[in-house]
Amino acid sequence: MSGLGSTYQYVGIVLSVLSLLWIPSINAWTSYSHQVVARHDLRETSASCLQDFVDQLGSVRHCEIGSTEYGRGLVATKDLEPGETILRIPLSATIQIDASQNGDDMKLDDSWAAALANKLMERLQSGSCPYVDSLPPPPPTPARGDWSTQALEALDDSDFLQEIEKAIQWRNRQCERYVMGRLCLDEDSSSATQKNPQLFMEALDLVSSRTIRCGDKFMLVPFLDMANHASQDQGGGYYQLENSPSLQDVTIALKAGNRGVQAGNEVFLDYGDRRNEEWLMYYGFLPDRNTAECVTLPESQQRITWSNVHMLDELYRGECRVLLNKGDTTLTDDIRSLKHIEALEERDAHFELALKYRISRKSLLSAAGGTKSSSALFSSFF
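With UniProt numbering applied, the sequence shown closes on residue 382, and no number is skipped along the way.
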């Protein structure tokens, strides 16, 4: 990790300052969410209320909320063929922003996310809302400001640290635009957004990880957004808009993937192809076997992916080996460290995520560089 000290130090300072600004009270949204889901019985109650809410809309539902390998998710209640409808929700039940009706400014700087976060908080302020009650705390992304310097250093990627810094700046801009600016204009407003910047940031993080996009519409879809991710190759499903004469409404439907789903098994949704940096930045996790993973070589700017590792010129292979050798640890070292951490009773989840990111990146570079042990190591780890 030589040569990255100043970058780590700067980002670490930014994150520390933000943690003081935005997380002084364990953040409002997390506190609110814990009131709902801290105890198992209340967690089950919120899930049951959400299911009742969805059923009262006249929705089609062949799944239920349940415990899965990845935490809470959706479980099929019947055998489902590929392409069969698992869930259908009226668009009128969603929380949405139509960017086409809000001018070009809505698409600039992704400000639709802040507008949608504001709508989510209005639902929270309005009182009882089964969908809001069921929402978990935001995911543990590095842009939230609560990752330790050790966890950030473990990423071992100066380019990613710069992306994190930009994401932090973006969050602050949205808060200034949608919260602090309005607070200056109207100090007497009772808006939850204006009274609680921390709550706005929590809502913004939830929106960033749960939004479903259909054209110019950005939506939070009750129940459907509880589906965990799996790629299409791993059986992940997909969603599409459909007209529903019986409901007299346009609906959004979740469809079974190309493997179908057996009753009692988890229902997955393919979130789409993303780099590992994006998975960590917006969702707070790394998928297994990410075929869309990409490393850009610093000298040549050549993009290395799993689809081109066996077609690279020797010049690029050599650059991959040089980049690998710059690290303080080897791929083997990192895998051993991760296995050791996973065996501990108390684990630093952020550091563990950073180590997995580093391992995945080195595995790709190792395969591209032609390291003999790379295939065996990657297979044994994943």
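C-beta: ideal position from N, C-alpha, C; glycine also.
Just so it is clear, the structure is predicted and the values come from calculations on it, not from any experiment.
Report the rounded CA-to-CA distance for residue i versus residue j, giving the unit in angstroms.
i              : j              : result
tryptophan 306 : threonine 149  : 30 Å
arginine 88    : tyrosine 239   : 9 Å
serine 363     : serine 59      : 44 Å
leucine 80     : glycine 260    : 5 Å
leucine 64     : leucine 57     : Per the sequence shown, residue 64 should be read as glutamate rather than leucine. Straight-line Cα distance between these residues: approximately 15 Å.
valine 37      : arginine 123   : In this predicted model, valine 37 has a pLDDT of only 41, less than 50, meaning its place in the structure is not dependable enough to derive any value.
aspartate 156  : arginine 358   : 7 Å
alanine 292    : serine 366     : 16 Å
arginine 213   : methionine 219 : 6 Å
glutamate 342  : proline 245    : 51 Å
leucine 20     : serine 158     : Confidence at leucine 20 is low in this model, with a pLDDT of 31, below 50, so the placement of that residue is unreliable and no value is reported for it.
threonine 296  : lysine 326     : 15 Å
arginine 274   : asparagine 290 : 8 Å
valine 309     : alanine 167    : 30 Å
leucine 338    : threonine 211  : 31 Å
aspartate 186  : tyrosine 178   : For aspartate 186, the pLDDT reaches just 48, beneath the cut-off of 50, and the residue's location in the model is therefore unreliable, although a value from the coordinates is still provided. Approximately 12 Å, taken between the alpha carbons.
serine 48      : aspartate 133  : 11 Å
leucine 323    : serine 300     : 12 Å
tyrosine 316   : leucine 199    : 46 Å
Starting from residue i, trace the beta strand (DSSP E) both ways and give me its first and last residue.
i                 : result
cysteine 320      : Per DSSP, cysteine 320 belongs to no beta strand (DSSP E); it is in the alpha helix (DSSP H), 314 to 325.
valine 132        : It is not in any beta strand (DSSP E) - valine 132 instead sits in the alpha helix (DSSP H) that spans 130 to 134.
glutamine 240     : 238 to 244
leucine 338       : Taken as a continuous stretch (DSSP letters only), leucine 338 belongs to no beta strand (DSSP E), being part of the alpha helix (DSSP H) at 331 to 342.
serine 67         : 63 to 68
phenylalanine 268 : 266 to 269
arginine 213      : 212 to 214
valine 295        : 294 to 296
Just to confirm the assignment, what range does the alpha helix (DSSP H) spanning residue i have?
i                 : result
glutamate 122     : 112 to 126
aspartate 159     : 158 to 175
arginine 303      : Note, arginine 303: premise wrong, no alpha helix (DSSP H); beta strand (DSSP E) at 303 to 305.
phenylalanine 218 : Premise fails: phenylalanine 218 lies in the beta strand (DSSP E), 217 to 220, not in any alpha helix (DSSP H).
arginine 361      : 349 to 369
Should residue i go down as buried or exposed, given a rule of 16 or more other Cβ atoms within 10 Å for buried?
i              : result
proline 24     : Per-residue confidence for proline 24 stands at a pLDDT of 34, beneath the threshold of 50, marking its modelled position as unreliable; the derived number appears in the next sentence. Per the 10 Å Cβ criterion, exposed.
glutamine 96   : buried
tyrosine 70    : exposed
alanine 203    : buried
glutamate 346  : exposed
leucine 50     : buried
leucine 355    : buried
cysteine 175   : buried
proline 298    : exposed
serine 100     : exposed
alanine 154    : buried
alanine 368    : buried
methionine 311 : exposed
glutamate 266  : buried
leucine 344    : exposed
glycine 318    : exposed
leucine 224    : buried
serine 111     : buried
isoleucine 26  : Confidence is the limiting factor: at isoleucine 26 the pLDDT is only 37, short of 50, which leaves the residue's position unreliable, though a coordinate-based value still follows. That one is exposed.
In this structure, how does DSSP classify residue i when only helix, strand and coil are distinguished?
i             : result
aspartate 98  : strand
serine 231    : coil
threonine 45  : helix
aspartate 146 : coil
glycine 257   : coil
glycine 71    : strand
alanine 76    : strand
proline 90    : strand
leucine 15    : With a pLDDT of only 34 at leucine 15, under 50, the local geometry of the prediction cannot be trusted, and no value is derived from it.
arginine 39   : Bear in mind that the predicted position of arginine 39 carries a pLDDT of just 40, short of 50, making it unreliable; the figure below should be weighed with that in mind. It is coil, neither helix nor strand.
histidine 250 : Per the sequence shown, residue 250 should be read as valine rather than histidine. Residue state, collapsed to three classes: strand.
valine 207    : helix
valine 309    : coil
tryptophan 22 : Because tryptophan 22 carries a pLDDT of 36, less than 50, the predicted location of this residue cannot be relied on, and no value is offered for it.
Determine the contact status of residue i and residue j, defining contact as a CB-CB distance below 8 Å.
i                 : j              : result
isoleucine 86     : glycine 272    : no
aspartate 55      : arginine 61    : yes
glycine 264       : glycine 235    : no
phenylalanine 268 : alanine 230    : yes
glycine 83        : valine 75      : no
aspartate 216     : serine 92      : no
tyrosine 282      : threonine 141  : yes
residue 410       : proline 197    : Limits of the chain in this structure are 1 at one end and 382 at the other, which puts residue 410 out of reach.
proline 138       : serine 46      : no
leucine 353       : leucine 280    : yes
alanine 113       : histidine 350  : no
alanine 143       : arginine 171   : yes
leucine 243       : serine 360     : The question names leucine, but residue 243 in the sequence shown is asparagine. No, Cβ-Cβ distance for asparagine 243 and serine 360 is not below 8 Å.
aspartate 270     : glutamine 232  : yes
threonine 68      : asparagine 228 : yes
threonine 251     : proline 90     : yes
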